[in-house]
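Novice: Mind having a look at this structure? Questions to follow.
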Amino acid sequence: MKAPVTVVGLGPMGKAMAATFLKNGHPTTVWNRTASKAAPLVEQGATLAATPDEALAASELVVISQTDYKAMYSSLDGAQMKGRVLVNLSSGSPDELRRAGEWASGNGAELLTGGVMVPPPGIGQPSAYIFYSGPEELLDRHRETLRELGDTTYVGADHGLSNLYYQAQLYLFWSTLTAYMHSIAMLESAGVSAEQFRPFATETVTSLGIDGPMGFLRIITDEIGAGTYPGGDNTLLMQAVGADHMVETAEAAGIDTLGPRALRDLLWRAVNAGHGADGLTSVINVIRGA
Ligand SMILES: NC(=O)c1ccc[n+]([C@@H]2O[C@H](COP(=O)([O-])OP(=O)(O)OC[C@H]3O[C@@H](n4cnc5c(N)ncnc54)[C@H](OP(=O)(O)O)[C@@H]3O)[C@@H](O)[C@H]2O)c1
Numbered sequence: 468m469k470a471p472v473t474v475v476g477l478g479p480m481g482k483a484m485a486a487t488f489l490k491n492g493h494p495t496t497v498w499n500r501t502a503s504k505a506a507p508l509v510e511q512g513a514t515l516a517a518t519p520d521e522a523l524a525a526s527e528l529v530v531i532s533q534t535d536y537k538a539m540y541s542s543l544d545g546a547q548m549k550g551r552v553l554v555n556l557s558s559g560s561p562d563e564l565r566r567a568g569e570w571a572s573g574n575g576a577e578l579l580t581g582g583v584m585v586p587p588p589g590i591g592q593p594s595a596y597i598f599y600s601g602p603e604e605l606l607d608r609h610r611e612t613l614r615e616l617g618d619t620t621y622v623g624a625d626h627g628l629s630n631l632y633y634q635a636q637l638y639l640f641w642s643t644l645t646a647y648m649h650s651i652a653m654l655e656s657a658g659v660s661a662e663q664f665r666p667f668a669t670e671t672v673t674s675l676g677i678d679g680p681m682g683f684l685r686i687i688t689d690e691i692g693a694g695t696y697p698g699g700d701n702t703l704l705m706q707a708v709g710a711d712h713m714v715e716t717a718e719a720a721g722i723d724t725l726g727p728r729a730l731r732d733l734l735w736r737a738v739n740a741g742h743g744a745d746g747l748t749s750v751i752n753v754i755r756g757a
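The sequence shown begins at 468 in my numbering and counts up one residue at a time.
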């Protein structure tokens with residue numbers, strides 16, 4: 468007999484999670500503000516709880532996947548949650564998650580927070596992983612069930628940490644992909660297609676993560692660790708002047724320039740703070756607000 472689990476929230480993500488628990492043989496109870504969204508899951512064997520109290524009573528483990536943390540309060544405030552392990556996998560800011568930890572213990576429950584690192588179709592697939600934070604003992608107690616969703620990557624006792632990692636990853640992901648779209652739009656102004664550019668973009672993005680002269684994730688990490696940012700043949704000043712040309716190119720292409728200008732301004736702020744002869748990594752000083 469697999470452990471029972473309750474899923475609160477049936478947006479695309481909650482639905483994928485409930486379906487995955489069901490497929491793996493977990494008795495699954497679901498609750499959603501809009502009850503009709505549960506119909507396909509009930510067909511697959513889920514039990515639809517009529518109220519949040521019923522949903523919480525059905526299982527010790529309660530997985531929550533809603534738009535934000537406000538949704539959890541509007542769904543569960545006032546419900547009987549004593550002894551429950553709430554695992555909120557919704558997006559939020561670290562401070563919101565810390566407050567939620569206090570709210571849960573104030574109501575006799577315990578909270579694990581999580582940041583889900585795949586879209587709904589990836590849930591339960593081999594590459595899926597979720598950042599978890601909060602009391603590790605809770606994760607250990609329910610790891611077997613939670614592992615059905617993806618790898619359980621524990622990052623610390625502070626409730627805020629799971630979404631600190633999650634937001635950091637999202638920033639990296641979204642800024643890389645929107646920069647890719649900016650690059651495509653620049654090239655389109657001269658009739659170059661996205662498909663013609665894609666192999667070059669792939670080369671750049673892939674090389675960032677590997678070791679070697681273009682392996683800038685390793686290079687930047689090592690420089691930040693050492694606290695030194697040698698300019699060598701690639702001074703920040705040279706790169707800031709190059710960023711001016713990038714903004715001029717975007718303007719001439721008639722595309723949105725907000726992203727290129729933000730990047731250019733960041734580099735020039737570091738130059739003006741005295742880092743012109745240093746390397747790109749010296750920009751970390753401006754980013755840190757130093
Ligand atoms: N989708 C993704 O690719 C993805 C990937 C990683 C992480 N995430 C995160 O996972 C969470 C869920 O994702 P999703 O795509 O399912 O998002 P979503 O579509 O925004 O979630 C909708 C769910 O939240 C509920 N909800 C919203 N406001 C509510 C309120 N005030 N009271 C009660 N219920 C409320 C909705 O109920 P109703 O059905 O009644 O409206 C529904 O169950 C989000 O925090 C998202 O950032 C999503």
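Beta carbons: idealized from backbone N, C-alpha and C, even for Gly.
Which first and last residues belong to the beta strand (DSSP E) in which residue 671 is found?
Specialist: Per DSSP, residue 671 belongs to no beta strand (DSSP E); it is in the alpha helix (DSSP H), 661-675.
Novice: For the beta strand (DSSP E) containing residue 413, name the first residue and the last one.
Specialist: Only positions 468 to 757 of the chain appear in the structure, and residue 413 is not among them; the question remains open.
Novice: For residue 500, which option in 603, 480 and 475 has the closest C-alpha, if you only look at C-alpha atoms?
Specialist: When each option's Cα is compared against that of residue 500, the closest is 475.
Novice: For the stretch 640-652 against the stretch 713-731, are there 3 or more C-beta pairs whose distance is under 8 Å?
Specialist: These segments touch.
Novice: So for residue 476, helix, strand or coil by DSSP?
Specialist: Reduced to three states, the DSSP call for residue 476 is coil.
Novice: From 479, 542 and 606, pick the residue whose C-alpha is nearest to that of residue 508; which is it?
Specialist: Ranking 479, 542 and 606 by Cα distance to residue 508 puts 479 first.
Novice: Hey, how far is the Cα of residue 620 from the Cα of residue 596?
Specialist: Spanning the two alpha carbons is a distance of roughly 7 Å.
Novice: List the residues that DSSP assigns as beta-bridge partners of residue 558.
Specialist: In the DSSP output, where bridge partners are listed per residue, residue 558 has none listed.
Novice: Note the first and the last residue of the continuous alpha helix (DSSP H) segment covering residue 741.
Specialist: Taken as a continuous stretch (DSSP letters only), residue 741 belongs to no alpha helix (DSSP H), as it is neither H nor E.
Novice: In the DSSP assignment, what are the bridge partners of residue 621?
Specialist: Looking at the DSSP assignment, residue 621 forms a beta bridge with 599.
Novice: Report the residue from 694, 738 and 720 whose alpha carbon sits nearest the alpha carbon of residue 654.
Specialist: It is 720 whose Cα lies nearest to the Cα of residue 654.
Novice: If you reduce the DSSP assignment to three classes, tell me which class residue 515 lands in.
Specialist: The answer is strand: DSSP assigns residue 515 an E or B state.
Novice: Based on the DSSP secondary-structure assignment, which residues constitute the bridge partners of residue 498?
Specialist: Beta-bridge pairing links residue 498 to 475.
Novice: Would you identify the three-state DSSP class for residue 531, choosing helix, strand or coil?
Specialist: In the structure shown, residue 531 sits in a strand (DSSP, three-state: E or B).
Novice: If I'm right that residue 523 touches residue 539 with Cβ under 8 Å, what's the distance once you round it to whole angstroms?
Specialist: At roughly 12 Å, the Cβ-Cβ gap does not stay under 8 Å, so residue 523 and residue 539 are not in contact.
Novice: Going by the beta-carbon positions, is the gap between residue 577 and residue 610 smaller than 9 Å?
Specialist: Cβ atoms of residue 577 and residue 610: not closer than 9 Å.
Novice: For residue 624 and residue 535, what's the separation of their Cα atoms in angstroms?
Specialist: Between residue 624 and residue 535, the C-alpha separation is close to 21 Å.
Novice: Report yes or no: do the stretch 744-751 and the stretch 684-694 share at least 3 C-beta pairs separated by less than 8 Å?
Specialist: At 8 Å Cβ cutoff, the stretches touch.
Novice: Residue 470 to residue 614, Cα distance in whole Å?
Specialist: Each residue's Cα considered, the two are about 12 Å apart.
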